[in-house]
Amino acid sequence: MERLETILGNLGLDEAMTEAFAYLADKKKATLEEIYEDTSLSRKAISMALEALEAEGAVRRDGPAFTVEDVREALMALLPARCEELKAEIYSYGPAPVKRECPGVEAIRDDASVVPSFTAKNIDAALTGVDMISRSLTWLDDGSLNAARAAVQRGVKVRVITFKHAELGAEARALADAGVEVRSHEYSNDVRFMMVDGEFIAFAIEEPPQVTKPAYFGLLIRDRGVCKKVLDHIFEPAWRNANVVEEFRI
Numbered sequence: 045m046e047r048l049e050t051i052l053g054n055l056g057l058d059e060a061m062t063e064a065f066a067y068l069a070d071k072k073k074a075t076l077e078e079i080y081e082d083t084s085l086s087r088k089a090i091s092m093a094l095e096a097l098e099a100e101g102a103v104r105r106d107g108p109a110f111t112v113e114d115v116r117e118a119l120m121a122l123l124p125a126r127c128e129e130l131k132a133e134i135y136s137y138g139p140a141p142v143k144r145e146c147p148g149v150e151a152i153r154d155d156a157s158v159v160p161s162f163t164a165k166n167i168d169a170a171l172t173g174v175d176m177i178s179r180s181l182t183w184l185d186d187g188s189l190n191a192a193r194a195a196v197q198r199g200v201k202v203r204v205i206t207f208k209h210a211e212l213g214a215e216a217r218a219l220a221d222a223g224v225e226v227r228s229h230e231y232s233n234d235v236r237f238m239m240v241d242g243e244f245i246a247f248a249i250e251e252p253p254q255v256t257k258p259a260y261f262g263l264l265i266r267d268r269g270v271c272k273k274v275l276d277h278i279f280e281p282a283w284r285n286a287n288v289v290e291e292f293r294i
């Protein structure tokens, strides 16, 4: 819906509102889960977008579903008072095939000190689950520990696979006390990553020995298919074979 997306952009809608509205304009009626399955948006982004669109009168709630019965009327509801010139575009609007964005891969390199805040921010944003493999727990500080505790309290399942050695005993127990499921496995020597809600995964890659300043290099992948394969073929097998927290005694 290239023309529709242009109109929505001119109306000042953000990316999530634009994609959610365009989807409903095409389907006429859909639940949050249906929008989640067919778009690149997270559940949180969809929920916030639908709430904003409903407040403007552009989207109507029908039980668990959301509807856009008349696209032109819905667009008029979004029209700011000083945007009369857009009315001609709205009245001439005609539907076109939905255009999808390809999932992205982002390379990240920063000072190693940002790792705890990066971790805390993404745990704070989690809605359903956080799965991590991390040998050294260098990301764990008061902020990320509090984020993990708060996530568990709101129903997010947080799981961490780490390595059993003396330096990590206190940190592992602190995570367990916060409600995080902690297990130990030697596989954590070989791979480090954090996956959130099965929607994106951040891989940490160790810097070469000649780099003197501690740094973090990683790949951030936003692709549900990649996340599912990593979960099914990497995390879950390691988790099943790891030692449970009760055995994590130093």
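Just so you know, the sequence shown maps onto residues 45 to 294 in the working numbering. A virtual CB, placed ideally from N, CA and C, is assigned to each residue, including glycine. Every value quoted in this text rests on a predicted model; they were computed, and no experiment measured them.
Which residues mark the beginning and the end of the beta strand (DSSP E) in which residue i is found?
i       : result
Ala-109 : 109–111
Asp-106 : 104–106
Arg-203 : 201–206
Glu-100 : Unbroken run through Glu-100: none, as it is neither H nor E.
If you drop the 5 nearest sequence neighbours on each side, which residues of the same chain put their C-beta closer than 7 Å to that of residue i?
i       : result
Ala-170 : Ala-195, Val-200, Val-240, Asp-241
Arg-193 : Ala-222, Gly-223
Ala-151 : Leu-263
Tell me where the alpha helix (DSSP H) around residue i begins and ends.
i       : result
Ile-167 : 159–169
Ala-286 : Careful: Ala-286 lies outside any alpha helix (DSSP H) and carries neither H nor E.
Thr-75  : Segment 73–75 is the beta strand (DSSP E) holding Thr-75; no alpha helix (DSSP H) there.
Arg-153 : Unbroken run through Arg-153 is the beta strand (DSSP E), 149–155; no alpha helix (DSSP H).
Can you check which of these residues, the options, is closest to residue i by C-alpha distance?
i       : options                            : result
Asp-82  : Lys-273, Glu-98, Ala-64, Ala-93    : Ala-64
Ala-121 : Ile-90, Ala-99, Leu-94, Asp-70     : Ala-99
Lys-267 : His-229, Gly-148, Arg-87, Ala-192  : According to the sequence as given, residue 267 is Asp; it is not Lys. Of the listed residues, the one whose Cα sits closest to Asp-267 is Gly-148.
Met-238 : Ala-66, Asn-166, Pro-281           : Asn-166
Pro-108 : Leu-85, Leu-119, Ile-79, Arg-116   : Ile-79
Asn-285 : Ile-90, Gly-101, His-229           : His-229
Tyr-231 : Ile-249, Trp-283, Arg-105, Ala-246 : Trp-283
Ala-248 : Lys-71, Asp-276, Asp-186, Pro-160  : Pro-160
Arg-105 : Ala-74, Val-115, Ser-86            : Ala-74
Asn-287 : Gly-213, Lys-208, Val-270          : Lys-208
Residue i and residue j look like a contact to me (Cβ under 8 Å); what is the Cβ gap, rounded to whole Å?
i       : j       : result
Ser-188 : Thr-163 : 5 Å
Ala-377 : Met-92  : In the structure as shown, the chain starts at 45 and stops at 294, and residue 377 therefore has no counterpart that could be examined.
Leu-264 : Phe-244 : 6 Å
Arg-87  : Leu-76  : 7 Å
Leu-123 : Leu-55  : 7 Å
In its own chain, which residues sit with a C-beta less than 6 Å from the C-beta of residue i, not counting the 5 before and 5 after it?
i       : result
Leu-184 : Glu-215
Phe-279 : Asp-175
Ala-118 : Ala-102, Val-112
Ala-125 : Unreliable positioning characterises Ala-125 in this predicted model, as indicated by a pLDDT of 44, which lies under 50. A coordinate reading is not provided.
Taking 8 Å as the limit between beta carbons, can you name the residues of its chain near residue i, skipping five residues before and five after?
i       : result
Thr-62  : Glu-49, Leu-52, Gly-53
Asp-58  : Ala-93
Arg-179 : Thr-206, Phe-207, Ser-232, Asn-233, Arg-236
Item to check | Uninterrupted beta strand (DSSP E) stretches inside the segment 226–255 (no shorter than 3 residues) | outcome: 237–240, 244–249
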